[in-house]
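J.:
Numbering (UniProt numbering), first residue to last: 1 to 259.
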């Protein structure tokens, strides 16, 4: 088992070995069933925060989170972020507590993995957070679009526009499928970026990240669909916003190691 794989296993073992998670999720289910959506949602948000804090404590990392002028309230938005590896999931689901907005309603977009795992990824369970599922094996774009638009009526949806884990600090080109839905139905984008997650790797090219033990999670800005005449310019603006912020963070990472 490689070093990166070990940390992934450690990260996803936490919801299984800490009793707080099955107890919390059980109460969350009960509250959801009887119509108490707010306490159910708050439990989920807290468990995500506890998950991230536990993992970072165990691995000796610290988080530098910058919310900027991001307003977490509201719905009918996509929250997008780059996807280095699976250890970013605790950060994403901790976002409401990180932003000190405990009642923020976020849904998540993911593939068949959501149906295979009932506890992890923790907040992605469809029953609790109304996660939007697409099937890699049996894709049905019409149903997928309907689910996205339904969930956006009450929540914002988090997704990874690259469409896959990159296992590199490089931001890859965005996939166009779900982004075309966003543009066609005038869905605004809140853009975030994560940097430093490959510091868990043993690869020599990421040795500076391993030394700094800092993970950066920052808001880049918002993209309003109505401001762009074409889908291509809309998509390009989102990519540029994320990549520009990533370049800024990488400059900070290099200077932190040198000092």
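Note that beta-carbon positions come from the ideal geometry of N, C-alpha and C, so glycine has one too. Here the structure is a predicted model, which is why all the values come from computation and not from measurement.
Which residues in the same chain have their Cβ closer than 6 Å to the Cβ of residue 202, if we skip the five residues on either side of it in sequence?
T.: Start at 1 with the first residue of the chain shown, and residue 202 comes out as number 202. Within the same chain, residue 202 has close Cβ partners 3.
J.: Please state if the CB of residue 231 and the CB of residue 180 are separated by a distance shorter than 9 Å.
T.: Here residue 180 is taken as the residue at index 180 of the chain shown, counted from 1. Here residue 231 is taken as the residue at index 231 of the chain shown, counted from 1. Cβ atoms of residue 180 and residue 231: closer than 9 Å.
J.: Taking a contact to mean a Cβ-Cβ separation below 9 Å, would you say residue 249 touches residue 234 in this structure?
T.: Here the question's residue 249 lines up with position 249 in the chain shown. Here the question's residue 234 lines up with position 234 in the chain shown. Not in contact: residue 249 and residue 234 (Cβ atoms no closer than 9 Å).
J.: Is the separation between the beta-carbon of residue 94 and that of residue 8 shorter than 9 Å?
T.: For this step, residue 94 is matched to residue 94 along the chain shown. For this step, residue 8 is matched to residue 8 along the chain shown. Result no, Cβ atoms of residue 94 and residue 8 do not sit closer than 9 Å.
J.: Just to confirm, is the Cβ distance from residue 132 to residue 107 under 9 Å?
T.: In the chain shown, counting from the first residue as 1, residue 132 sits at position 132. In the chain shown, counting from the first residue as 1, residue 107 sits at position 107. Yes, Cβ-Cβ distance for residue 132 and residue 107 is below 9 Å.
J.: What's the C-alpha gap between residue 157 and residue 80?
T.: Position 157 of the chain shown, counted from the first residue, corresponds to residue 157. Position 80 of the chain shown, counted from the first residue, corresponds to residue 80. About 9 Å.
J.: Quick check for students: name the residue ranges of the alpha helix (DSSP H) that lie wholly in the segment 16–51, counting only runs of 4 or more.
T.: 20–33
J.: In whole angstroms, give me the CA-to-CA distance for residue 199 and residue 143.
T.: As a working mapping, residue 199 is identified with position 199 in the chain shown. As a working mapping, residue 143 is identified with position 143 in the chain shown. Their backbone Cα atoms lie some 39 Å apart in a straight line.
J.: If you run the structure through DSSP and keep just helix, strand and coil, what is residue 227?
T.: Taking the chain shown and counting its residues from 1, the one referred to as residue 227 is at position 227. Reduced to three states, the DSSP call for residue 227 is helix.
J.: To the nearest angstrom, how far is it from the Cα of residue 170 to the Cα of residue 49?
T.: Locating residue 170 in the chain shown gives position 170, where the first residue counts as 1. Locating residue 49 in the chain shown gives position 49, where the first residue counts as 1. Straight across, the Cα-Cα distance linking residue 170 with residue 49 is about 26 Å.
J.: For residue 162, which residues of its own chain have a beta-carbon under 8 Å away from its beta-carbon, when the five flanking residues on both sides are left out?
T.: Looking up residue 162 in the chain shown gives position 162. Excluding sequence neighbours, residue 162 sits near 82, 83, 171, 172, 173, 174 and 175.
J.: Does the Cβ-Cβ distance between residue 62 and residue 245 come in under 9 Å?
T.: Position 62 of the chain shown, counting from 1, holds the residue named residue 62. Position 245 of the chain shown, counting from 1, holds the residue named residue 245. No, the Cβ-Cβ distance between residue 62 and residue 245 is not below 9 Å.
J.: Across which residues does DSSP place residue 2 in a beta bridge pair?
T.: Translated into positions along the chain shown, residue 2 becomes position 2. BP columns for residue 2 are empty, so no partner.
J.: On the three-state DSSP scale, how would you describe residue 66?
T.: Here the question's residue 66 lines up with position 66 in the chain shown. Correct three-state label for residue 66: strand.
J.: Taking C-alpha atoms, which residue in 225, 168, 196 and 58 lies nearest to residue 183?
T.: Position 183 of the chain shown holds residue 183. Residue 225 is the option with its Cα nearest to residue 183.
J.: Alpha carbons only, please: which of 220, 188 and 243 is nearest the one belonging to residue 66?
T.: Within the chain shown, the letter at position 66 stands for residue 66. Of the candidates 220, 188 and 243, the residue whose Cα lies closest to the Cα of residue 66 is 220.
J.: According to DSSP, simplified to helix, strand and coil, what is residue 177?
T.: Counting from 1 along the chain shown, the entry for residue 177 is found at position 177. Helix, per DSSP.
J.: If the criterion is Cβ atoms closer than 9 Å, does the pair residue 40 and residue 72 meet it?
T.: Position 40 of the chain shown, counted from the start, is the residue given in the question as residue 40. Position 72 of the chain shown, counted from the start, is the residue given in the question as residue 72. It is not a contact, given that the beta carbons lie outside the stated cut-off.
J.: Is it buried or exposed for residue 22, if we count other Cβ within 10 angstroms and need 16 for buried?
T.: The residue labelled residue 22 in the question sits at position 22 within the chain shown. Burial call: exposed.
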